[in-house]
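Peer 1: Protein chains in written order, with our numbering: chain A, 1 to 410; chain B, 1001 to 1319; chain C, 2001 to 2427; chain D, 3001 to 3252; chain E, 4001 to 4242. Each residue gets a CB set at the ideal place from its N, CA and C atoms; glycine is no exception. Note that this is a predicted model, so its numbers are computed, not measured. Below you'll find the structure I mean.
Set out below in structure tokens:
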């Protein structure tokens, strides 16, 4: 029995996957299986599109970029395991996008790894997880965040709501877990400060991704007389609650953080919530944005209909990487980090952006958009015929918050 | 809690409970007949939703309402004939493990065919209107339709079991399979049919729930465990028990949401407004727990308590 | 009349020998492995496999040894991890120099204690009620865990730095290979303990409960206590495995105690084989490697898990270990030579159908889920195209020919074996 | 001297159906007592009541003066009353030796021991060897129980009851399903291994009963209609009627 | 009581040849051979454990067997029970497996073959045993033991079998009921239905049977007419009596 055990181990181990040696490797460590895989799929397309473009132009200092994918099965622990595999496969940049929990795990892993292996260090890119702690208390010299964090977006939302004096009764709807609770607190603090007249008529913290029927919550919102709901929900939770709201004919406005994500546009279009759902997002994904339009047209032609603008962080990351590598004239980790700090570039929305050297947080303008039935031929989402219409652009300085990162530099 | 919230919660509880019952009825039917706790039942539900989606976008929702459950039922019958029946010799554990593996494979197969994104399965136009308005909130006709279908299924099942010859054979096979076969009835065929019908019921629930909940590969895993709670709490094999337990779970989950109460509020009543710092972080966790958060825990508490103190469930006759 | 006591002693001695051999083999393999596979990824793979092997062994105390299907064994893996993580954090905070390598002891004891409580709740009956109550308890713990973020962390879990406790036993615990040694030693300890357990009166009674729980009662024992002991011991060892996983990846999340962990250990143990002591280890290795490597190669890896599991449930309830053991017995038996042509035919037909199935599944994934990656795909070295009828036909024909060929071959094998048995009987 | 076993007005009903309808029975110490009766009379139910498998509706079961009615089977076995089953109830996937080991563990005080190897327990080994020898299963010691022939399984069934060390044994149709010659051998085996113990057994083979029983009780329709020596029972018309129908003489 | 002339019994309706049966690994029937003719009442006697019930179950296909079972020349061995029932063998088990939660009428409906009435209609059955008519819509579980026994026999009868096998119908019945059962069996046979009866009460068996078999230890140890058994006290003493 043991012999057979051992033999099978040996056989399988020797069959390890051969990797090309001469490429610059970026490892995507994200859930490629399970319910969240749908998000990863979208991100992978965006990332590959950006990288293909860069490779076509000669790559990174002449070196082609190769994307490796690792399935973390949506588990932080598995993220750490896959990170080790990615490093052994020769990855220089480890990128994760789905779920802050996984990002924390990756950052912590790389912190420890780089400390224990000073000769072979790696960089973390955060492509879409928006927990402020990633560039706050858990910030790392080795990690860069390419999306606006929840606190910045909340600041933007607060600034927009300051102009919406018609809204005075607001309902808070968030999921359990760090993402939901930190966003909830940020909303209470920032929106509360901007609009002291707002009354919080409801404040629900519901189980994360477990509820199949949100009708009871909608009934509560209806009964509370709320004019608006602010929610940090995402994925199935968001889709289900918007559907339930549409069905019940709830006429409150929704201020969301993740309604650009997969499934939500479909749910919104189905529910007929025309113009009722607002998104606080990294950029102006709206139908009016010409620059984005050109980019999207190329992207959609290449990948088959889905939008790139839902995941701007991954494109930003590659753009910043290209500029930094050019500036550094090297693809070495030390040089790249030095050049990435403070690098300025343009996002897919055509807005200026830079990575703040203090905490490696991207700083850019943001937009509030609402989801509407768009004219034929305009940019729509998920083939629904509905798309984003910009209602406000919040300049970068409004949402730039003080640095809270105490970065340990080597 | 205002009267609106109570009214709405009651209506929602019943609706949600009925959807659960549609699912649980098939599961409990299969269990009572065959002693098989079918872990793949929620998977058949999901397959029903996907079939419903595919058929309805070709020939419309109402044909799908009939065709999809039939297709799922046939699938179920095939599974029984070529899978379950063969593992029968390994006992209930073998059957349970088989359905466990089947659930796994079905979820993968669904992703393989339809991908991981939710499907755009819409409420049919004919039912996409507000049925009535209560306290200013519209009530969608489709939900009412769900209710009607669930009640109809319950009635039809009850009638089928109580009044028809087939029902008699099914009921008798439940307790005396050998005797029934000796009276000339093909009991394995009965079992296959029951499994097929049970699966078809799950498929029907899928077609109906597909547009309301989101048709996606995780919809099976989300509902699976709660079904077992219903079947166990109701009394393994009792249709009436499953009906009551479905409503019970519907009420628990709906009202847990509706009640705005936190542990802190309870302490607030007795004048304690801050958690004593001495007890640290754990107590402040408890402090912040709301009834809505406890809601999902209650069914499992009920399950464990039921198995320990009344293993035959609410309505079950056998332990 | 003398009682043949010598028999027992002889049996004893040969038993001792048959125990010593595997022990030595295991020890040698454990020592050799990190030297053979030096890369960091290999070491972390070994670490993962090691923890999973312990976990699967613990589960087999329930499933194989006592015949209890637990649907919530992952709970104790996760709880062990949390206990270990918090223990490290507390020791660091209080500045207590506790050797890191002994942390799994704390995780194990903690899980054992919790397992005793859970066991008391769950052990009233075996079979289906036991399975349901363990499912309920697991869901309960998992659902309740989200209510206590200070213990379980939120979705990001609780993390620690294993180096914070300092060096001990000559290990700094920085490099993965240090953790490998910790896991290897704990594997040896746990496997040894469980093996010993299976040879004690309690282990014997656990087998008896598996075989016929009612009769155990009529021999004066409480089947409930036996089940409870199995549950608690399994929980304790799972806690050790969970602790080791926590030391290995330095982060523990509620995922660890969720349904997927419980499912995984069931798959590993059952596919490996519940009736051989090291069957679960084999299962942990095969499934673990599939999980780590196959997931990089094929999007269908979970599908293969499921199909493998169903295959084992339907055709080979002895699991991989059972297949290997039968195979070995067959090769050693006198009837092997005359059967070997048919067996070779079966192997070819089986291989053909498996290859065909793999091709069809891979094509299906490429046509459906992974359509965006382009239609071209290489499966088993064959350049195929998900849009080409020829590719589909290749897989389909292989599958169909294989399956069609299997039936008569199996019949012939049966006939041959029957003939061999009759010839043997005639002698 | 108290009786080994005494049943006082024992009753058991399942729902509206009375199965045991007031049974009074005493078994003397060291006696071999046979319980006979037609099918459906409640013999097995009575055994289940005494051995704790089911709880009586009312009445007393005095074992050596102590009321054991309603106790758990394990408690009753520990008190010294063990039983065998009509449908072979052994550990099918364990070896014969392992079956017997399980049965002697409690008696020898090893109980739930987990710190000693079973093989190292000398007393267990000796006792099992003795039992194997007595049961004639020595050559089958390492075979799994389900590979035994039917009479061997019955012998093992008997062995499990005897091995527990109880001095009062309930044997439920130990010869059920055996051929004539097998029955002979089984009878000798039972006589041998139960030497010096109190025995209450259900049996249908009248030859066996008359050969071995000191006294016989006849259970009909949930009640004991007669108790006496084999000769008394043979001569009892009520017994003949219960067995062969009304008015045997007329038919003969 | 008239005993039918043996010569009336032509080619056997049921013939069982060298039937062997196992429960798991235990060998219960060691090669049983017997026949039942058209319209014949044949009793199977023997002590408990002799294998009589197993024989009936084996004929019914509920036990793993080896050997031949023919009904009107058609081999039924190895068929599944419902096929055997369709072929024309009815079986009334000793355990009186009525369906207690169903009504008397529902129990009878379950006995009917789908489509087409045969020799016995529901009315025939009620005529045969009027008590069942009065209790047609009560739960079968509340019937008395004798009524339940009648119901099981009638339930099988309504399925129109050519041969009905009845296992200990008089078991545990009051003497009055025992006689009623005996009469019922004769009336059934009078309609041309053959009966294979397992019986312990010698008196009944001797009274109504055309032929008798005695079983012991899984084998047929005696075959003959009632008179022949009366003339063989050693057989009775060895295999039947207390």
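Checking 7 Å against the spacing of the C-beta atoms, do residue 385 of chain A and residue 379 of chain A come in under that value?
Peer 2: No, the pair does not count as a contact, with Cβ atoms beyond the cut-off.
Peer 1: Report whether the distance from the Cβ of residue 195 of chain A to the nearest heavy atom of the ligand MN is below 6 Å.
Peer 2: Looking for the ligand MN in the displayed structure turns up nothing, as the structure carries no ligands at all.
Peer 1: Taking only beta-carbon atoms, is residue 4106 of chain E less than 7 Å away from chain B?
Peer 2: Residue 4106 of chain E counts as touching chain B.
Peer 1: What residues in its chain sit with their C-beta under 8 Å from that of residue 3212 of chain D, if we drop five residues either side in the sequence?
Peer 2: So the qualifying residues of the chain are 3032, 3034, 3187, 3190 and 3191.
Peer 1: What residues of chain B sit near residue 4091 of chain E, judged by a beta carbon separation below 9 Å?
Peer 2: In chain order: 1179, 1182 and 1183.
Peer 1: Should the region 308–319 of chain A be regarded as contacting the region 41–49 of chain A, the criterion being three or more beta carbon pairs within less than 8 Å?
Peer 2: Segments in contact, yes.
Peer 1: Name the residues in the region 4041–4056 of chain E whose C-beta lies less than 7 Å from a C-beta of chain D; which are they?
Peer 2: For the region 4041–4056 of chain E, which is checked against every Cβ of chain D, the residues closer than 7 Å are 4047, 4048 and 4049.
Peer 1: Exposed or buried, residue 103 of chain A, counting other C-beta atoms within 10 Å across all chains shown (16 or more means buried)?
Peer 2: Classification of residue 103 of chain A: buried, given that the 10 Å Cβ count is 16 or more.
Peer 1: For the alpha helix (DSSP H) holding residue 112 of chain A, just list the boundary residues, first then last.
Peer 2: First-last of the alpha helix (DSSP H) with residue 112 of chain A: 100–116.
Peer 1: Is there a Cβ from chain E that is less than 7 Å from the Cβ of residue 1319 of chain B?
Peer 2: Because the pLDDT at residue 1319 of chain B is just 41, under 50, the model does not fix this residue reliably, and the value given afterwards should be weighed accordingly. For residue 1319 of chain B, the answer is no, since every Cβ of chain E falls outside 7 Å of its Cβ.
Peer 1: Look at the Cβ atom of residue 107 of chain A, then the Cβ atom of residue 158 of chain A, and state whether they are nearer than 7 Å.
Peer 2: No.
Peer 1: Have a look at residue 4173 of chain E and residue 4146 of chain E and give me their C-alpha separation to the nearest angstrom.
Peer 2: The straight-line gap from Cα to Cα measures roughly 6 Å.
Peer 1: Taking residue 4185 of chain E as the reference, which of E:4202, E:4217 and E:4207 has the closest Cα?
Peer 2: Taking only the C-alpha atoms, the option nearest residue 4185 of chain E is E:4207.
Peer 1: Tell me the rounded alpha-carbon separation between residue 1178 of chain B and residue 2300 of chain C.
Peer 2: Taking the straight line from one Cα to the other gives about 43 Å.
Peer 1: Counting contacts by CB-CB distance shorter than 7 Å, is residue 1199 of chain B in contact with chain A?
Peer 2: Output row for residue 1199 of chain B: interface = no.
Peer 1: Quick one: does residue 4150 of chain E have its CB under 7 Å from some CB of chain B?
Peer 2: No, no contact with chain B.
Peer 1: If we call anything under 7 Å between Cβ atoms a contact, is residue 4081 of chain E one with residue 4050 of chain E?
Peer 2: Going by C-beta atoms, residue 4081 of chain E is not nearer than 7 Å to residue 4050 of chain E.
Peer 1: Please tell me whether residue 3059 of chain D and residue 3111 of chain D are closer than 7 Å, where the distance is taken between their beta carbons.
Peer 2: In this structure, residue 3111 of chain D does not lie closer than 7 Å to residue 3059 of chain D by Cβ.
Peer 1: Starting from residue 1172 of chain B, find everything on chain A with Cβ-Cβ shorter than 9 Å and list it in chain order.
Peer 2: Going along chain A, no residue has its Cβ under 9 Å from residue 1172 of chain B, so there is no contact; the nearest lies around 37 Å.
Peer 1: At what residue ranges does the region 4139–4196 of chain E contain a whole run of the alpha helix (DSSP H), taking only runs of 4 or more?
Peer 2: Qualifying alpha helix (DSSP H) stretches, in chain order: 4145–4157 and 4175–4190.
Peer 1: Let me confirm a value: residue 3205 of chain D is counted as buried when at least 16 other C-beta atoms fall within 10 Å, else exposed. Which label applies?
Peer 2: Label assigned to residue 3205 of chain D: buried.
Peer 1: Can you tell me where the beta strand (DSSP E) holding residue 2385 of chain C begins and where it ends?
Peer 2: Per DSSP, residue 2385 of chain C belongs to the beta strand (DSSP E) from 2382–2385.
Peer 1: State the start and end residues of the unbroken alpha helix (DSSP H) segment that holds residue 2161 of chain C.
Peer 2: Note, residue 2161 of chain C: premise wrong, no alpha helix (DSSP H); not H, not E.
Peer 1: Could you give the first and the last residue of the continuous alpha helix (DSSP H) run that contains residue 1054 of chain B?
Peer 2: Here the alpha helix (DSSP H) through residue 1054 of chain B covers 1041–1059.
Peer 1: Suppose you measure from the CA of residue 1247 of chain B to the CA of residue 4197 of chain E; what does that come to, to the nearest Å?
Peer 2: The straight-line gap from Cα to Cα measures roughly 52 Å.
Peer 1: Listing by chain order, which chain A residues have their CB less than 8 Å from the CB of residue 1005 of chain B?
Peer 2: Within 8 Å Cβ-Cβ: 219, 220 and 223.
Peer 1: DSSP three-state call for residue 1123 of chain B: helix, strand or coil?
Peer 2: If DSSP states are grouped into helix, strand and coil, residue 1123 of chain B belongs with coil.
Peer 1: Using a Cβ cut-off of 8 Å, which residues of the region 2304–2316 of chain C contact any Cβ in chain B, in chain order?
Peer 2: Answer in chain order: 2305, 2306, 2307, 2309, 2310, 2313 and 2314.
Peer 1: When you compare the CB of residue 2133 of chain C with every CB in chain B, is at least one pair closer than 7 Å?
Peer 2: Output row for residue 2133 of chain C: interface = yes.
Peer 1: Who are residue 3060 of chain D's beta bridge partners in DSSP?
Peer 2: DSSP lists D:3008 as partners of residue 3060 of chain D.
Peer 1: Out of C:2297, C:2167, C:2249 and C:2354, which one is the CA nearest neighbour of residue 2394 of chain C?
Peer 2: The candidate whose alpha carbon is nearest that of residue 2394 of chain C is C:2354.
Peer 1: What are the residues of the region 4158–4170 of chain E that lie near chain B, defined by any Cβ-Cβ distance shorter than 7 Å?
Peer 2: Under the 7 Å Cβ criterion, the region 4158–4170 of chain E contributes 4159.
Peer 1: So, using beta-carbon positions, are residue 4136 of chain E and residue 4104 of chain E closer together than 7 Å?
Peer 2: Closer than 7 Å, so yes.
Peer 1: Using a cut-off of 9 Å between C-beta atoms, extract the partners of residue 4234 of chain E located in chain D.
Peer 2: By Cβ distance, chain D contributes nothing, its closest Cβ being about 13 Å from residue 4234 of chain E, past 9 Å.
Peer 1: Hey, quick one: how far does the alpha helix (DSSP H) through residue 70 of chain A stretch, first residue to last?
Peer 2: No alpha helix (DSSP H) contains residue 70 of chain A, which is instead part of the beta strand (DSSP E) from 65–71.
Peer 1: Could you tell me the distance, in whole angstroms, from the CA atom of residue 286 of chain A to the CA atom of residue 394 of chain A?
Peer 2: So the alpha carbons of these two residues sit roughly 14 Å apart.
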